[in-house]
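Written out below as structure tokens is the structure these notes cover.
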Amino acid sequence: MRTLSLSLLLPLAFSACKKEAVYEPVCTEPTAVSCFDDLLIDLSLQDAVSGGRVTNTPDGDGWVSTVDATAGGFGNSANNPWVYVKFTDEGLARVDITDEDALDSMEWHLAARRFILRLNSGASGPSCVQAAAIANGDYTALSAADAEGATFFADDYYTESCDMINDSSGLPGSPQVALAPWWSYPGCVATTDVPFIVRLDSGRQLKLIVDQYYGSGQEQCNSQGAPGNDGGEYTLRWSFVD
Numbered sequence: 739m740r741t742l743s744l745s746l747l748l749p750l751a752f753s754a755c756k757k758e759a760v761y762e763p764v765c766t767e768p769t770a771v772s773c774f775d776d777l778l779i780d781l782s783l784q785d786a787v788s789g790g791r792v793t794n795t796p797d798g799d800g801w802v803s804t805v806d807a808t809a810g811g812f813g814n815s816a817n818n819p820w821v822y823v824k825f826t827d828e829g830l831a832r833v834d835i836t837d838e839d840a841l842d843s844m845e846w847h848l849a850a851r852r853f854i855l856r857l858n859s860g861a862s863g864p865s866c867v868q869a870a871a872i873a874n875g876d877y878t879a880l881s882a883a884d885a886e887g888a889t890f891f892a893d894d895y896y897t898e899s900c901d902m903i904n905d906s907s908g909l910p911g912s913p914q915v916a917l918a919p920w921w922s923y924p925g926c927v928a929t930t931d932v933p934f935i936v937r938l939d940s941g942r943q944l945k946l947i948v949d950q951y952y953g954s955g956q957e958q959c960n961s962q963g964a965p966g967n968d969g970g971e972y973t974l975r976w977s978f979v980d
């Protein structure tokens with residue numbers, strides 16, 4: 739009778755014991771976006787698909803992803819669509835969808851155009867993606883434990899009468915989105931190093947931080963208040979925390 743060696747049996751045993759993580763969905767069906775008509779106008783949503791480049795570089799257990807959300811450059815964003823992306827095990831993936839169709843789709847998690855990052859939830863989209871800002875948190879040390887007790891927010895930036903709630907930047911047309919704490923405005927778009935825990939509609943969670951908004955010159959903005967170059971060339975660091 740032929741027997742298998744211990745060296746062959748051990749991998750089989752470990753494989754049999756290993757189970758894939760099971761997540762409890764937060765939502766499974768789309769919900770109508772509130773203030774739909776106002777949103778189309780206030781955020782200059784387009785019936786077009788963005789060709790903004792998305793790249794991924796492995797970073798330990800996570801990724802460093804770049805997103806071209808320059809939207810035609812300064813002063814031209816109102817005539818250009820948003821870039822839509824979703825978080826996957828293979829990196830950040832672009833979702834080719836128009837702004838208008840995105841309001842009925844759960845396929846995307848995050849949308850970017852210039853300095854605004856929208857989540858697919860609340861006023862921004864029909865899904866239930868939410869984020870919790872971890873004040874004074876260290877991105878590298880963040881884990882699933884940091885989500886316990888954290889307060890998660892959807893993108894709710896309209897009043898009941900559909901008046902848009904602006905963030906504290908003082909810039910026009912800048913809604914109070916859940917990810918707004920990633921930046922401040924000392925005369926340029928400065929990164930704050932505030933990390934987030936993002937909860938997807940699937941129930942899966944990830945940590946996220948915006949490292950750069952400018953293609954170059956982010957440090958001079960952060961330290962001197964002088965704008966960098968190529969605004970909207972995001973560098974994002976993120977990793978699933980399950």
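Count along the sequence shown starting at 1, add 738, and that's the number in the working numbering.
Quick reminder that beta carbons are idealized off the backbone N, C-alpha and C, glycines included.
It should be emphasised that the depicted structure is a prediction, and the values quoted were computed from it without experimental measurement.
Checklist entry - Under 8 Å, do Ala861 and Asp893 count as touching if we go by C-beta distance? => result Residue mapping note: residue 861 aligns to position 123 of the sequence shown, counting from 1. Residue mapping note: residue 893 aligns to position 155 of the sequence shown, counting from 1. Yes.
Checklist entry - DSSP beta-bridge partners for Cys866? => result Looking up residue 866 in the sequence shown gives position 128. Answer by DSSP bridge pairing, in chain order: Ser859.
Checklist entry - In three-state DSSP terms, what is Ala928? => result As a first step, residue 928 is located in the sequence shown; it is residue number 190 there, counting from the start. In this structure, Ala928 counts as strand in the three-state DSSP scheme.
Checklist entry - For Arg791, is the classification buried or exposed, using 16 other Cβ atoms within 10 angstroms of its Cβ as the cut-off for buried? => result What you label residue 791 is simply residue 53 of the sequence shown in a count that begins at 1. So Arg791 counts as exposed.
Next on the checklist: Could you tell me the alpha carbon to alpha carbon distance between Trp820 and Gly969, rounded to whole angstroms?
Outcome noted: The residue you call residue 820 lines up with position 82 of the sequence shown. The residue you call residue 969 lines up with position 231 of the sequence shown. About 14 Å.
Next on the checklist: Taking the alpha carbon of Ser954 as the reference point, which residue from Asp780, Glu971, Glu762 and Ile947 has its own alpha carbon closest?
Outcome noted: Your numbering for residue 954 matches position 216 in the sequence shown. Here the closest residue by C-alpha is Glu971.
Item to check | Residue range of the beta strand (DSSP E) that includes Phe978 | outcome: Position 240 of the sequence shown, counted from the first residue, corresponds to residue 978. Note, Phe978: beta strand (DSSP E), Asn967 to Phe978.
Checklist entry - Are three or more beta carbon pairs between the stretch 870 to 887 and the stretch 813 to 831 nearer than 8 Å? => result Flag = no, the stretch 870 to 887 and the stretch 813 to 831 do not touch.
Checklist entry - So Val764 packs on Arg937, CB below 8 Å; how close in whole Å? => result Within the sequence shown, the letter at position 26 stands for residue 764. Within the sequence shown, the letter at position 199 stands for residue 937. Yes, Val764 and Arg937 are in contact; Cβ-Cβ is about 7 Å, under 8 Å.
Item to check | Through-space distance from Thr889 to Thr769, alpha-carbon basis | outcome: Locating residue 769 in the sequence shown gives position 31, where the first residue counts as 1. Locating residue 889 in the sequence shown gives position 151, where the first residue counts as 1. The straight-line gap from Cα to Cα measures roughly 21 Å.
Next on the checklist: Counting C-beta neighbours from all protein chains within 10 Å, is the total for Phe853 16 or more, i.e. buried, or is it exposed?
Outcome noted: By one-based count along the sequence shown, residue 853 stands at place 115. The residue is buried, with at least 16 neighbouring Cβ atoms inside 10 Å.
Next on the checklist: Quick check on DSSP: helix, strand or coil for Phe987?
Outcome noted: The displayed coordinates of the chain run from 739 to 980. Any statement about residue 987 would go beyond what the structure contains.
Next on the checklist: Using the three-state DSSP reduction, which class does Ile947 fall into: helix, strand or coil?
Outcome noted: Taking the first residue of the sequence shown as position 1, residue 947 is located at position 209. Correct three-state label for Ile947: strand.
Checklist entry - Going by the CB atoms, is the gap between Val979 and Ser881 shorter than 8 Å? => result Position 143 of the sequence shown, counted from the start, is the residue given in the question as residue 881. Position 241 of the sequence shown, counted from the start, is the residue given in the question as residue 979. Taking 8 Å as the Cβ cut-off, Ser881 and Val979 qualify as a contacting pair.
Item to check | Rounded C-alpha distance that separates Asn818 from Asp797 | outcome: Counting from one through the sequence shown, the residue named residue 818 turns up at place 80. Counting from one through the sequence shown, the residue named residue 797 turns up at place 59. When the Cα atoms are used, Asn818 and Asp797 turn out to be separated by approximately 31 Å.
Item to check | Own chain, CB closer than 7 Å to Asn794, minus 5 neighbours either side, in chain order | outcome: Residue mapping note: residue 794 aligns to position 56 of the sequence shown, counting from 1. So the qualifying residues of the chain are Trp801, Ser803, Gly829 and Leu830.
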